[in-house]
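Structure first, commentary second.
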Amino acid sequence: MRGIMPHRIVELEPVTGNTIMEPATYLQHKIKNTLQSLLLIISLGGLCAWLAWFLGGLPMAVATALVILISYQINPVASPEWAMRLFRARRLSPNEAPDLYRLMAQLTRRAGLEQIPQLYYLPSDVMNAFTTGDRRNAAIAISDGLLRRMAWREMAGVLAHELMHVVNQDTRLMAFADLTSRVTGFLSMIGQLLLLVNLPLMLFGQTTLPWIPILLLLVAPTLSALAQLALSRSREYEADLGAAKLTGDPLGLASALNKLEPPRHRLLERLLHPGPRIPDPSLLRTHPPTDDRVARLMALTHLGSTTSDEVLSASDIRNLLAHNPYRPRWHRNGMWY
1 MRGIMPHRIV ELEPVTGNTI MEPATYLQHK IKNTLQSLLL IISLGGLCAW
51 LAWFLGGLPM AVATALVILI SYQINPVASP EWAMRLFRAR RLSPNEAPDL
101 YRLMAQLTRR AGLEQIPQLY YLPSDVMNAF TTGDRRNAAI AISDGLLRRM
151 AWREMAGVLA HELMHVVNQD TRLMAFADLT SRVTGFLSMI GQLLLLVNLP
201 LMLFGQTTLP WIPILLLLVA PTLSALAQLA LSRSREYEAD LGAAKLTGDP
251 LGLASALNKL EPPRHRLLER LLHPGPRIPD PSLLRTHPPT DDRVARLMAL
301 THLGSTTSDE VLSASDIRNL LAHNPYRPRW HRNGMWY
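So the sequence shown is residues 1 to 337, counted in full-length UniProt numbering.
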């Protein structure tokens with residue numbers, strides 16, 4: 001599942017008028033995102049292949065590659081209905097949210113997809129949206145908090161961002177990265193067991209092992225996990241870029257990111273820990289810092305210019321489902337049911 005989860009408040013300039021894409025900057029960001037994702041995928045696969053070769057030579061490396069490819073093909077993306085049921089989300093019908101479905105139809109047409117993703121209502125006050133499924137069967141969940149607080153152009157940006165995860169097949173890409181990381185961890189565990197078995201021989205000087213490969217063997221799972229997180233951040237940048245192109249309004253998404261940002265210093269936290277909070281390390285985030293995302297979006301725009309292909313305009317949707325929202329029950333693992 002893919003979603004929008006920024007980390008830091010960013011002050012935006014007042015938005016006046018329409019915006020238009022900056023072609024040169026767009027192309028620069030597109031190439032950068034594509035190369036970064038490609039290099040990270042190669043790094044994940046290369047690390048896994050090297051571990052297999054180090055432990056068992058070429059036959060084991062080939063066998064590992066076949067296992068990954070076969071597992072990836074027979075392990076389909078989880079059913080969107082199952083994932084939404086896990087979060088106690090219910091499907092929205094076109095009659096309940098006609099404007100949202102008209103917007104989704106327009107964005108889907110622009111994106112070149114044949115199937116419009118199903119929209120789901122997530123019973124949570126937390127502003128959140130996420131995507132699951134693939135191009136043939138995708139679903140986008142929108143929380144009650146999001147519907148109440150987002151303006152229409154901001155909602156268009158959020159939906160376009162989630163739709164781009166479907167277009168880019170990020171769910172399958174991250175599933176492949178996760179599978180590769182798991183195989184890397186398994187191979188590393190086998191290598192560490194073999195190292196323990198040979199430890200007595202090493203102590204008595206009957207055998208020697210190359211220490212640099214051994215060190216890489218020990219840190220391989222950590223390196224793989226960091227590469228997977230970096231890939232996730234890269235795909236978020238790419239989804240932002242695609243969403244800006246779909247809507248023709250980068251600042252709409254930038255404004256939505258600013259609203260999605262949770263307060264950094266809640267009252268209880270200020271009372272118990274008045275000092276400044278240490279931010280999460282960038283290497284350990286699944287999503288890029290919001291200021292970086294907003295800066296990239298704002299670099300795509302010319303303020304005050306016009307666009308000939310605006311997204312569907314509609315009435316205010318903040319109270320779309322507010323007449324009967326139901327509240328989630330929080331579980332110990334942090335998910336709502």
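Just so you know, even glycine gets a beta-carbon here, dropped at the ideal spot from N, CA and C.
The structure displayed is predicted, hence computed values, not measured ones.
Near the ligand COA: Glu162 beta-carbon under 6 Å from a heavy atom: This structure simply doesn't include the ligand COA, nor any ligand for that matter.
Pair within 7 Å by beta-carbon distance, Leu146 and Met164: Numbered from 1 along the sequence shown, position 146 holds the residue referred to as residue 146. Numbered from 1 along the sequence shown, position 164 holds the residue referred to as residue 164. Result no, Cβ atoms of Leu146 and Met164 do not sit closer than 7 Å.
Sequence-distant residues of its chain with Cβ nearer than 6 Å to Ile214 (five each side left out): Within the sequence shown, the letter at position 214 stands for residue 214. So no residue of the chain qualifies.
Presumed contact (8 Å Cβ cut-off) between Leu100 and Gln228, rounded CB distance: In the sequence shown, residue 100 corresponds to position 100, counting from 1. In the sequence shown, residue 228 corresponds to position 228, counting from 1. Contact doesn't hold; Cβ gap of about 32 Å is too wide.
Candidates Gly46, Tyr26, Val62, Ser71, of which the one nearest residue 359 by Cα: Here the chain has residues from 1 to 337 only, and residue 359 is not among them.
Distance between Gly185 and Asp178 (C-alpha atoms, nearest Å): Within the sequence shown, numbered from 1, the residue matching residue 178 stands at position 178. Within the sequence shown, numbered from 1, the residue matching residue 185 stands at position 185. Looking at the two C-alpha atoms, the distance is approximately 11 Å.
The region 113-121 contacting the region 58-76, beta-carbon criterion three pairs below 8 Å: no
Continuous beta strand (DSSP E) stretch holding Ser224: start and end: Here residue 224 refers to the residue found at position 224 of the sequence shown. Not the beta strand (DSSP E): Ser224 falls in the alpha helix (DSSP H), residues 211-247.
Distance CB(Ala49)-CB(Ala63) smaller than 7 Å: For the purposes of this step, residue 49 is taken as the residue at position 49 of the sequence shown. For the purposes of this step, residue 63 is taken as the residue at position 63 of the sequence shown. Their beta carbons are not under 7 Å apart, which means Ala49 does not touch Ala63 by this criterion.
Sheet register partners of Ser188 (DSSP bridge): Taking the first residue of the sequence shown as position 1, residue 188 is located at position 188. The partner list for Ser188 (beta bridge, DSSP) is empty, contrary to what the question assumes.
Separation of Ala151 from Ala256, as counted between CA atoms: On the sequence shown, position 256 is the one that residue 256 refers to. On the sequence shown, position 151 is the one that residue 151 refers to. One C-alpha to the other measures close to 8 Å.
Cβ distance (whole Å) where Thr301 is taken to contact Pro250 below 8 Å: By one-based count along the sequence shown, residue 301 stands at place 301. By one-based count along the sequence shown, residue 250 stands at place 250. Confirmed, Cβ separation roughly 5 Å.
For Arg172 and Asp240, believed in contact at Cβ under 8 Å, the rounded distance: One-based indexing of the sequence shown puts residue 240 at position 240. One-based indexing of the sequence shown puts residue 172 at position 172. About 19 Å; that fails the 8 Å criterion.
Reduced DSSP category for Arg90 - H, G, I as helix; E, B as strand; rest coil: Within the sequence shown, the letter at position 90 stands for residue 90. In the structure shown, Arg90 sits in a strand (DSSP, three-state: E or B).
Outcome for Met155 when other beta-carbon atoms lying within 10 angstroms are tallied against a minimum of 16: One-based indexing of the sequence shown puts residue 155 at position 155. By the neighbour-count rule (16 or more Cβ atoms within 10 Å), Met155 is buried.
Strand pairing of Arg140, partner residues [DSSP]: For this step, residue 140 is matched to residue 140 along the sequence shown. Inspection of the sequence shows that residue 140 is occupied by Ile rather than by Arg. Paired residues: Leu119, Thr131.
Beta-carbon proximity list for Arg153, same chain, < 7 Å, skipping 5 on both sides: Against the sequence shown, residue 153 aligns to sequence position 153. Hits under 7 Å: Asp249, Gly252.
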